[in-house]
Ligand code: MG
């Protein structure tokens with residue numbers, strides 16, 4: 042069942058979204074050669090708690106990290122570690138959830154570390170573009186499959202592939218609510234969008250083949266072919282005529 046949120050609930054999710062985006066502001070700029078993903082996670086924890094919020098992912102189904110930090114061929118659910126040090130040319134995604142006053146926002150940004158190849162920059166750019174290609178279709182009455190189709194089409198047109206094993210999702214009081222939102226699909230299929238639905242839409246894109254493997258830690262998800270991957274996500278609310286992003290990046294004050 043897809044829950045329709047009230048105006049009050051949407052405001053609360055947006056406040057949680059401001060916390061998530063403050064993490065991007067303060068931790069994104071620390072993604073430089075020589076820093077460990079553990080150090081990034083510690084800063085993220087400090088930022089989230091400074092707003093009176095709780096890091097949603099910590100202990101979620103037993104996840105051991107404050108946020109997910111996924112480097113290069115790790116596409117999602119990377120566990121922050123002292124042993125993972127960023128270097129020139131890496132791609133690193135920060136997937137952040139914050140719970141504030143009982144409501145959750147979830148978003149992800151992928152950063153390029155230092156100097157990277159043109160093909161790496163293209164992968165990160167196309168992933169972000171595919172999100173906007175999908176969500177520009179969103180308004181009341183549209184089939185979710187139209188959004189999924191547009192994301193997949195943009196990714197594949199650029200020679201990359203979309204991950205099948207993980208999807209976007211509804212979000213609110215719970216991190217994962219209905220509907221599941223694949224990054225591939227057919228036009229005219231899936232649930233019909235209604236004003237007040239809050240969705241976390243998150244293209245996960247592979248430079249090569251889309252097949253993944255999960256490591257023995259039960260979380261870290263890598264590309265089977267060892268090639269790069271990228272991830273971009275926002276929490277948004279469907280409106281009558283479009284959508285509003287609730288995890289909107291803001292200028293540094
Ligand atoms: Mg998500």
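Numbering (the working numbering), first residue to last: 42 to 294. The beta-carbon is built from N, C-alpha and C at its ideal position, and this holds for glycine as well.
C-alpha gap between residue i and residue j, whole angstroms
{"i": "residue 55", "j": "residue 120", "result": "26 Å"}
{"i": "residue 160", "j": "residue 267", "result": "15 Å"}
{"i": "residue 287", "j": "residue 235", "result": "16 Å"}
{"i": "residue 86", "j": "residue 172", "result": "27 Å"}
{"i": "residue 213", "j": "residue 148", "result": "13 Å"}
{"i": "residue 232", "j": "residue 42", "result": "10 Å"}
{"i": "residue 283", "j": "residue 63", "result": "25 Å"}
{"i": "residue 237", "j": "residue 194", "result": "27 Å"}
{"i": "residue 199", "j": "residue 167", "result": "7 Å"}
{"i": "residue 47", "j": "residue 111", "result": "34 Å"}
{"i": "residue 52", "j": "residue 44", "result": "15 Å"}
Extent of the continuous beta strand (DSSP E) run through residue i
{"i": "residue 138", "result": "132 to 141"}
{"i": "residue 233", "result": "Careful: residue 233 lies outside any beta strand (DSSP E) and carries neither H nor E."}
{"i": "residue 276", "result": "275 to 279"}
Sequence-distant residues of the same chain with beta carbon closer than 7 Å to residue i, five excluded per side
{"i": "residue 251", "result": "202, 203, 204, 205"}
{"i": "residue 293", "result": "For residue 293, the predicted structure reports a pLDDT of 49, less than 50, and the residue's modelled location is therefore unreliable. A value from the coordinates is still provided. The answer, listed in chain order, is 66."}
{"i": "residue 101", "result": "216"}
Contact under 7 Å by Cβ, residue i with residue j
{"i": "residue 141", "j": "residue 94", "result": "yes"}
{"i": "residue 271", "j": "residue 223", "result": "no"}
{"i": "residue 227", "j": "residue 164", "result": "no"}
{"i": "residue 261", "j": "residue 253", "result": "no"}
Unbroken alpha helix (DSSP H) run spanning residue i, endpoints
{"i": "residue 54", "result": "48 to 69"}
{"i": "residue 195", "result": "185 to 198"}
Residues near residue i by beta carbon distance below 6 Å, same chain, minus five either side
{"i": "residue 99", "result": "107"}
{"i": "residue 78", "result": "110, 121, 122, 125"}
Proximity test, Cβ basis, 7 Å: residue i and chain C
{"i": "residue 82", "result": "Of the protein chains in the structure, only one exists, and it is not chain C."}
Close beta carbons around residue i, own chain, < 8 Å, minus the five adjacent residues each side
{"i": "residue 73", "result": "127, 154, 155"}
Margin query: For the pair the stretch 179 to 196 and the stretch 150 to 159, tell me if three or more CB-CB distances fall below 8 Å.
Written below: no
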